[in-house]
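> In the working numbering, the protein residues as written are 68 to 297.
For every residue, glycine included, the Cβ atom is placed at its ideal position computed from N, Cα and C.
Source: prediction; values computed, not measured.
Here it is, the structure in full.
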Amino acid sequence: MHQTFDAALEINLLHANQTGADHNRAHFDEWGITCLNIMSSPGAGKTVLLEQTLEALSSELKIAVIEGDMTTELDAERLRKYNVPVIAINTGRSCHLDSKMVAGGIHQLKHQYNPTDFDLVLVENVGNLVCPAEFEVGEHLKVALLSITEGEDKPLKYPIMFQQADCLLITKIDLAPYLEVDISRIEDNVRQMNPHVKIIAISAKTGAGIETWLDWVRSHIAKPAVAAKC
Ligand SMILES: Nc1nc2c(ncn2[C@@H]2O[C@H](COP(=O)(O)OP(=O)(O)OP(=O)(O)O)[C@@H](O)[C@H]2O)c(=O)[nH]1
Ligand SMILES: [Mg+2]
Numbered sequence: 068m069h070q071t072f073d074a075a076l077e078i079n080l081l082h083a084n085q086t087g088a089d090h091n092r093a094h095f096d097e098w099g100i101t102c103l104n105i106m107s108s109p110g111a112g113k114t115v116l117l118e119q120t121l122e123a124l125s126s127e128l129k130i131a132v133i134e135g136d137m138t139t140e141l142d143a144e145r146l147r148k149y150n151v152p153v154i155a156i157n158t159g160r161s162c163h164l165d166s167k168m169v170a171g172g173i174h175q176l177k178h179q180y181n182p183t184d185f186d187l188v189l190v191e192n193v194g195n196l197v198c199p200a201e202f203e204v205g206e207h208l209k210v211a212l213l214s215i216t217e218g219e220d221k222p223l224k225y226p227i228m229f230q231q232a233d234c235l236l237i238t239k240i241d242l243a244p245y246l247e248v249d250i251s252r253i254e255d256n257v258r259q260m261n262p263h264v265k266i267i268a269i270s271a272k273t274g275a276g277i278e279t280w281l282d283w284v285r286s287h288i289a290k291p292a293v294a295a296k297c
């Protein structure tokens, strides 16, 4: 009996969240903005990736960041150095952003700027390999990071994140010489879950793979003037 009630509650929650996500995406579409939802377990390298992305792309694209964190603005402060709007959202006890929280972020962006000026909104989700995958926020594409320190089995143990990802970044590959890890096995496990996902192995330390990542981002920009340049 309890199980039926819990399942119904979860379905209602996810349904309400999806309606909100579709609404957020409609705003992004209206303004010609591409929105990426960046997700991973804690510490896989999301903020470092955003730092390098802003460093490389903020002169060619107009970018805003929505930064989800449970309690602090530490990541938001790191990203404000790049002189782009960074909207910090504290989720409190929630282990993921939801579409209502991101709607609040969109409202702030709209209040302070002309949203049609923007090309790209990067959402950094709360570090968690499970819940963020289930709660869309209005993104066009999902980007999942998996660092090589987390273990080759993670795509099999946490399938939803990997099934849903449009782009999977295998991070911290500079650490491979110090670990007993087989990166090709990580790739095989990811492909088992999601045969067509774009996989890019990167290192924020050496810069390996970063240009391929930046090109992937450029290739998904919706604004015609920008897309034409790619
Ligand atoms: N060696 C190495 N370290 C990395 C790399 N990328 C990130 N790190 C380190 O990993 C740690 C966590 O990086 P963050 O970017 O803060 O990770 P995050 O996913 O944003 O973490 P949360 O927001 O807490 O979930 C930092 O000490 C980074 O310097 C990499 O490619 N190589
Ligand atoms: Mg972070």
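Does S126 pass the burial test, meaning 16 or more other C-beta atoms within 10 Å, or should it be called exposed?
Translated into the one-based positions of the sequence shown, residue 126 becomes position 59. S126 comes out exposed.
> Quick one: any contact between the stretch 272 to 285 and the stretch 105 to 123, if contact means 3 or more CB pairs under 8 Å?
Yes, since at least three Cβ pairs between the stretch 272 to 285 and the stretch 105 to 123 fall closer than 8 Å, the two stretches touch.
> Helix, strand or coil: how does DSSP classify E122 here?
The residue labelled residue 122 in the question sits at position 55 within the sequence shown. Three-state DSSP puts E122 in a helix.
> Under 8 Å Cβ to Cβ from D184, same chain only, skipping five residues before and after it: list those, please.
Taking the sequence shown and counting its residues from 1, one reaches residue 184 at position 117. These residues qualify, in order along the chain: K129.
> Let me know the secondary structure DSSP gives D136 once reduced to three states.
The residue labelled residue 136 in the question sits at position 69 within the sequence shown. Strand.
> Using DSSP's beta-bridge definition, name the partner residues of I237.
Translated into positions along the sequence shown, residue 237 becomes position 170. Looking at the DSSP assignment, I237 forms a beta bridge with L213 and A268.
> Could you have a look at A83 and say whether DSSP puts it in helix, strand or coil?
Here residue 83 refers to the residue found at position 16 when the sequence shown is read from its first residue. If DSSP states are grouped into helix, strand and coil, A83 belongs with the helices.
> Under a three-way DSSP split, which group does A155 fall into?
Taking the sequence shown and counting its residues from 1, one reaches residue 155 at position 88. Three-state result, A155: strand.
> For a test of the three-state rule: what should DSSP assign to I105, helix, strand or coil?
Locating residue 105 in the sequence shown gives position 38, where the first residue counts as 1. I105: strand per DSSP, three-state reduction.
> Tell me the DSSP secondary structure of E97 in three-state form.
Taking the first residue of the sequence shown as 1, we reach residue 97 at position 30. Residue state, collapsed to three classes: helix.
> Under three-state DSSP, which class holds V169?
As a working note, residue 169 is residue 102 in the sequence shown. Reduced to three states, the DSSP call for V169 is helix.
> Under 8 Å: do the stretch 193 to 207 and the stretch 235 to 247 share three or more Cβ pairs, one atom per stretch?
Touching, no.
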